[in-house]
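Student:
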Amino acid sequence: MATNLREERYRQNGYTSLQKTTAGRAAQRLYYLLRPFMGVGVRKRLQKACFSGWDKIPFPRWPVDRTVDTLMESAMRLVLKAQGQSGVPFIWFWPDEASACGMMTHDVEGQAGLDFCDELMNIDDSYAIKSAFQLIPEGREEAWRRTAARLRKRGFEANLHDLNHDGLLFADKEEFLQRARRINQYAREFGCDGFRSGVMYREQSWFGAFEFSYDMSVPNAAHLEPQRGGCCTVMPYFVGNLLELPLTTVQDYTLFHILNDYSIALWKEQIRLISQHHGLVSIITHPDYLVGRREREVYVDLLRHLADLRDRDGLWVALPGEVNRWWRNRHQMTLVPSGDGWRIEGPDSHRARVAYATLENDRLVYRLDGLGEELVGRIVGMQSAMAGPVREQPTRVLGKKQ
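Count the sequence shown with the working numbering and you get residues 58 to 459, in order.
1. Since H218 sits in a beta bridge, which residues does DSSP pair it with?
2. DSSP on D318, reduced to helix/strand/coil?
3. Return no unless some Cβ of chain B is closer than 7 Å to the Cβ of I331.
4. Does the distance from the C-beta atom of L217 to that of C249 stay below 7 Å?
5. Which residues bound the beta strand (DSSP E) around M161?
6. Beta strand (DSSP E) containing A412: first to last residue?
7. Of the choices L360, L62, K113 and R123, whose alpha-carbon is the least far from that of L330?
8. Would you identify the three-state DSSP class for E206, choosing helix, strand or coil?
9. Hey, is the segment 399-414 in contact with the segment 299-315, meaning 3+ C-beta pairs nearer than 8 Å?
10. Considering only their Cβ atoms, is the gap separating N381 from S270 smaller than 7 Å?
11. Give the straight-line distance between the Cα atoms of M129 and W384, rounded to the nearest whole angstrom.
12. Could you check what DSSP says for G349 in three-state terms: helix, strand or coil?
13. Would you decide whether R245 is buried or exposed? Buried here means 16 or more other CB atoms lie within 10 Å of its CB.
14. Quick one: using the 10 Å Cβ neighbour count with 16 as the cut-off for buried, is M133 buried or exposed?
15. Put L302 into one of helix, strand or coil per three-state DSSP.
16. Looking at G378 and E214, is the spacing between their C-beta atoms short of 7 Å?
17. State the Cα-Cα distance for the pair L421 and W151, rounded to the nearest angstrom.
18. Excluding the five sequence neighbours on either side, which residues of its own chain have a C-beta within less than 8 Å of the C-beta of A155, listed in chain order?
19. Looking at V296 and Q261, is the spacing between their C-beta atoms short of 7 Å?
20. Comparing C-alpha positions only, which one of R118, T391, D345 and A59 sits nearest to H163?
21. Whether or not the segment 200-214 and the segment 226-236 are in contact is what I'm after, with contact meaning three or more pairs of Cβ atoms, one per stretch, closer than 8 Å; do they touch?
22. Which residue comes first and which comes last in the beta strand (DSSP E) that contains Y294?
23. Hey, how far is the Cα of E352 from the Cα of Y319?
24. Nearest by alpha-carbon distance to Q333: which of R259, V291 and T342 is it?
25. Could you give the C-beta distance for V125 and A414, rounded to a whole number, given that I count them as a contact under 8 Å?
26. CB-CB under 7 Å to T342, same chain, minus the five flanking residues each way: which ones, in chain order?
27. So W119 and H362 are in contact, right, with Cβ under 8 Å, and what is the actual spacing, rounded?
28. Please name the residue, chosen from R211, Y243 and Q142, that lies closest to C174 on a Cα-to-Cα basis.
29. Looking only at C-alpha atoms, which of P117, G110, F108 and T60 sits nearest to A278?
30. On the DSSP bridge list, what partners appear for D272?
31. Output needed for V393: all residues of its chain with C-beta closer than 7 Å, excluding positions within five of it in sequence on either side, in chain order.
32. Measure the alpha-carbon distance for L220 versus D153 and round it to whole angstroms.
33. Just to confirm, are L360 and L137 a CB contact at a threshold of 7 Å?
34. Quick check on R369: does DSSP put it in helix, strand or coil?
35. Along the beta strand (DSSP E) that carries W383, what are the first and last residues, could you check?
36. Please list, in chain order, all residues of the same chain as L312 whose beta carbon is under 7 Å from its beta carbon, the five residues on each side excluded.
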C-alpha cells in the first residue's frame with residue numbers, strides 16, 4: 058500500500074478536468090505554445106479557472122499529507138505491542154542528530170531568471186544557505202554552461218530542469234523515451250545528478266528511463282499543480298534505483314499569483330507540520346518570480362525563518378545532492394549488536410545515530426541513543442527508511458541504556 062501511495066497509483070487520472078479530454082490536451086499544447094507570450098495576469102486567470110475547486114479535494118490532505126508515514130507508524134505500534142518490546146532500534150533519519158532536513162531549490166524558466174541567478178546566490182549566501190538551481194538545457198546549452206559554472210564555483214548546485222519546459226515531457230510514452238535519451242545525454246555532458254520536470258508533470262512508472270541519481274518532480278499533495286495527486290509522504294523514497302526527493306511545500310508562483318498571498322504564513326505552517334515529524338522540507342522558488350521587490354522581501358523572510366530553525370532547532374539545511382548521498386549511505390548502513398546496545402556500520406556511519414522507537418501512553422515516540430533518553434518527537438517515516446538492515450538482532454528487550 059505504501060508503494061501504491063508514494064507512486065500515486067491510487068489516482069485514475071491525475072490531471073485536471075480540462076486535461077482529460079482530447080480537446081483539453083490540445084488546449085494544453087496550445088497553452089504552452091503561447092505561454093512565453095502571455096503576461097502573468099493572463100496566465101493567472103487561466104490557471105485559477107483550471108484550479109477551481111482545489112480546496113474541496115479530500116485526498117491527499119492539504120497542506121501536508123502524511124498518509125504513508127502514518128500507516129508505517131501504525132504498523133510499528135502494532136509490532137511493539139505484539140512483541141512486548143520496550144523499543145526497536147533504527148538509524149536516525151538525518152545526520153549529526155539533525156531534527157529534520159531543509160532543501161532550497163530554484164527552477165529557472167526564462168532569461169529574467171537567468172539574469173537574476175547571481176543576485177539570488179548573494180541573497181542565499183547572506184543567510185549561509187546554499188541552494189540548487191535547475192536549468193533548462195535544450196536550445197540554451199551555452200547559457201547553461203556559463204550559469205552552471207558560476208553556480209558551482211560558489212558552492213551551489215546545478216541540475217537539469219526538463220528538456221525544453223513545453224509541458225509535454227510525459228504526454229506520450231514513445232515521445233517521452235526519445236526525450237529521456239536527450240535528457241540523459243545532457244546530464245552526462247553537464248555532469249548533473251539531479252532532475253526536475255517542468256510544471257511537476259510526472260509518471261513515476263517511467264522514471265526508469267532516467268539515468269539520474271535523484272528526482273524532485275513529485276509533490277506531496279498536488280492540489281495546486283496542473284497534475285493532481287501526490288506521494289503522501291514527507292520522506293525521501295526510492296523509485297527503483299532513483300531516489301525521489303518530494304516537493305513538500307507550496308511553490309512561490311502559486312503562493313503569490315494563485316493564492317494572492319504575499320506572506321510566509323502557509324510556508325511556515327507546512328514547515329512546522331513537516332519538521333515536527335522530522336521530514337524533508339523541500340522548497341521551490343523561481344528566480345523569474347523573485348525579481349520584484351515585494352516577492353523578494355517575502356523570500357528573504359522565508360530564508361530568515363529557515364536560518365532560525367537551523368540555528369535554534371537543528372534543522373539540517375542541505376543541497377539536494379547532499380540529501381541524496383546521505384539517504385543512499387543510510388540505506389547501506391547496518392545496525393550491529395554492541396555490548397548492551399548497538400553500533401552503526403557502513404558509509405558515513407560516523408554521522409549517524411542510533412534511535413529507538415518506543416510506546417509512551419500508546420503513542421509512538423522515539424529517542425536518540427546517548428542523549429539521556431531525551432524525547433525527540435513522534436516516530437515518522439517507518440518505511441524502508443525506518444531501520445536500515447539489522448544484523449543478528451537479538452530477541453531481548455531493547456530500550457533504556459543502563
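Each residue gets a CB set at the ideal place from its N, CA and C atoms; glycine is no exception.
Tutor: Checking against the coordinates, here is how it stands:
1. The sequence position of residue 218 within the sequence shown is 161, counting from 1. BP columns for H218 point to R253.
2. If you number the sequence shown from 1, residue 318 lands on position 261. It is coil, neither helix nor strand.
3. As a matter of chain content, chain B is missing from the structure shown, which is built from one protein chain.
4. As a working note, residue 217 is residue 160 in the sequence shown. As a working note, residue 249 is residue 192 in the sequence shown. Yes; because the gap between Cβ atoms is below 7 Å, this pair is in contact.
5. By 1-based counting over the sequence shown, the position of residue 161 is 104. Note, M161: beta strand (DSSP E), A157 to V165.
6. As a first step, residue 412 is located in the sequence shown; it is residue number 355 there, counting from the start. Start and end: V411 to E417.
7. Here residue 330 corresponds to residue number 273 of the sequence shown, with the count starting at 1. Ranking L360, L62, K113 and R123 by Cα distance to L330 puts R123 first.
8. As a position in the sequence shown, residue 206 is number 149, starting the count at 1. Glu is not the amino acid found at residue 206; the sequence shown has Ala there. If DSSP states are grouped into helix, strand and coil, A206 belongs with the helices.
9. no
10. Here residue 270 refers to the residue found at position 213 of the sequence shown. Here residue 381 refers to the residue found at position 324 of the sequence shown. A contact, by the Cβ cut-off of 7 Å.
11. Position 72 of the sequence shown, counted from the first residue, corresponds to residue 129. Position 327 of the sequence shown, counted from the first residue, corresponds to residue 384. Taking the Cα positions, M129 is about 18 Å away from W384.
12. Within the sequence shown, the letter at position 292 stands for residue 349. G349 falls in the coil class under three-state DSSP.
13. Translated into positions along the sequence shown, residue 245 becomes position 188. Under this definition R245 is an exposed residue.
14. Taking the first residue of the sequence shown as 1, we reach residue 133 at position 76. Classification of M133: buried, given that the 10 Å Cβ count is 16 or more.
15. Translated into positions along the sequence shown, residue 302 becomes position 245. Three-state DSSP puts L302 in coil, outside helix and strand.
16. As a position in the sequence shown, residue 214 is number 157, starting the count at 1. As a position in the sequence shown, residue 378 is number 321, starting the count at 1. In contact: E214 and G378 (Cβ atoms closer than 7 Å).
17. Here residue 421 refers to the residue found at position 364 when the sequence shown is read from its first residue. Here residue 151 refers to the residue found at position 94 when the sequence shown is read from its first residue. Taking the straight line from one Cα to the other gives about 19 Å.
18. The residue given as residue 155 occupies position 98 in the sequence shown. Counting only Cβ-Cβ distances below 8 Å, and skipping sequence neighbours, we find G371, L372 and W373.
19. Start at 1 with the first residue of the sequence shown, and residue 261 comes out as number 204. Start at 1 with the first residue of the sequence shown, and residue 296 comes out as number 239. Taking 7 Å as the Cβ cut-off, Q261 and V296 qualify as a contacting pair.
20. For the purposes of this step, residue 163 is identified with residue 106 of the sequence shown, where counting begins at 1. Answer by Cα proximity: D345.
21. No contact exists between the segment 226-236 and the segment 200-214.
22. Residue 294 sits at position 237 when you count from the first residue of the sequence shown. Start and end: Y294 to V296.
23. Residue mapping note: residue 352 aligns to position 295 of the sequence shown, counting from 1. Residue mapping note: residue 319 aligns to position 262 of the sequence shown, counting from 1. Their backbone Cα atoms lie some 7 Å apart in a straight line.
24. On the sequence shown, position 276 is the one that residue 333 refers to. Of the candidates R259, V291 and T342, V291 places its Cα closest to the Cα of Q333.
25. Taking the first residue of the sequence shown as position 1, residue 125 is located at position 68. Taking the first residue of the sequence shown as position 1, residue 414 is located at position 357. About 16 Å; that fails the 8 Å criterion.
26. The sequence position of residue 342 within the sequence shown is 285, counting from 1. Taken in chain order, the residues that qualify are H163, D309 and Y356.
27. Taking the sequence shown and counting its residues from 1, the one referred to as residue 119 is at position 62. Taking the sequence shown and counting its residues from 1, the one referred to as residue 362 is at position 305. About 21 Å separates the two Cβ atoms, so there is no contact after all.
28. Looking up residue 174 in the sequence shown gives position 117. For C174, the nearest C-alpha among the options comes from R211.
29. Counting from one through the sequence shown, the residue named residue 278 turns up at place 221. Here the closest residue by C-alpha is P117.
30. By 1-based counting over the sequence shown, the position of residue 272 is 215. D272 pairs with F252 and E301.
31. If you number the sequence shown from 1, residue 393 lands on position 336. Only W399, R400, E402 and R448 meet the Cβ criterion.
32. Looking up residue 220 in the sequence shown gives position 163. Looking up residue 153 in the sequence shown gives position 96. So the alpha carbons of these two residues sit roughly 36 Å apart.
33. Here residue 360 is taken as the residue at index 303 of the sequence shown, counted from 1. Here residue 137 is taken as the residue at index 80 of the sequence shown, counted from 1. Not closer than 7 Å, so no.
34. Stepping through the sequence shown from its first residue, residue 369 is reached at position 312. Three-state DSSP puts R369 in a helix.
35. Start at 1 with the first residue of the sequence shown, and residue 383 comes out as number 326. Per DSSP, W383 belongs to no beta strand (DSSP E); it is in the alpha helix (DSSP H), P377 to Q389.
36. For the purposes of this step, residue 312 is taken as residue 255 along the sequence shown, with counting starting at 1. Only D318 and L323 meet the Cβ criterion.
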